[in-house]
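For the sequence shown, the UniProt record's numbering gives the first residue as 1, with consecutive numbering after it.
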Amino acid sequence: MSHNETPGSVRIRTDDDNEWRFDAIQKAARFYDCNRSNAVAFACEDVDQLVAAATRILERDDLTREQRREIAETLSTRAVSFDVETSVSATTKGEM
Numbered sequence: 001m002s003h004n005e006t007p008g009s010v011r012i013r014t015d016d017d018n019e020w021r022f023d024a025i026q027k028a029a030r031f032y033d034c035n036r037s038n039a040v041a042f043a044c045e046d047v048d049q050l051v052a053a054a055t056r057i058l059e060r061d062d063l064t065r066e067q068r069r070e071i072a073e074t075l076s077t078r079a080v081s082f083d084v085e086t087s088v089s090a091t092t093k094g095e096m
């Protein structure tokens, strides 16, 4: 997205059963020790890197299938699920 296309602000709805979003943003702000806007941006940037890193770990040859499954279960979240079969895949909530 070019700078010209960047909106001046972005709204995140927290009504209509989306109250959990505000809590998540607050937790991110505490974790990153910054304001809510920066926390959302940091978390968005970090998620791609964290999923890629988790996938690399789960694909290591020195882990047993059981170890991979335990790690996958531990790393899976509300929005990202790691599955280990003969290959590793990560599914986002939007794909479920």
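In this text, a Cβ means the ideal position worked out from N, Cα and C, and glycines have one as well. Keep in mind that this is a model prediction, so the values were computed, not measured.
Name the DSSP bridge partner or partners of Ala90? Phe82
Distance, Cα to Cα, Gly8 vs Val40? 15 Å
What is the DSSP secondary structure of Thr77, counted as helix, strand or coil? coil
Tell me which residue opens and which closes the alpha helix (DSSP H) that Glu45 is part of. 36-58
Just the C-alpha distance for Cys44 and Phe22, rounded to the nearest angstrom, thanks. 15 Å
Output the boundary residues of the alpha helix (DSSP H) element that contains Glu19. 19-32
Report the CB separation of Arg65 from Val51 in whole angstroms; it is logged as a contact under 8 Å. So it is not a contact: roughly 20 Å between Cβ atoms.
Counting C-beta neighbours from all protein chains within 10 Å, is the total for Thr82 16 or more, i.e. buried, or is it exposed? Here residue 82 is Phe; the residue named in the question, Thr, does not match the sequence. Looking at its Cβ environment, which holds 16 or more other Cβ atoms inside 10 Å, Phe82 is buried.
Please look up how many angstroms separate the CB atoms of Glu70 and Val88, rounded, as I've assumed it's under 8 Å. Incorrect: roughly 13 Å between the Cβ atoms, too far for contact.
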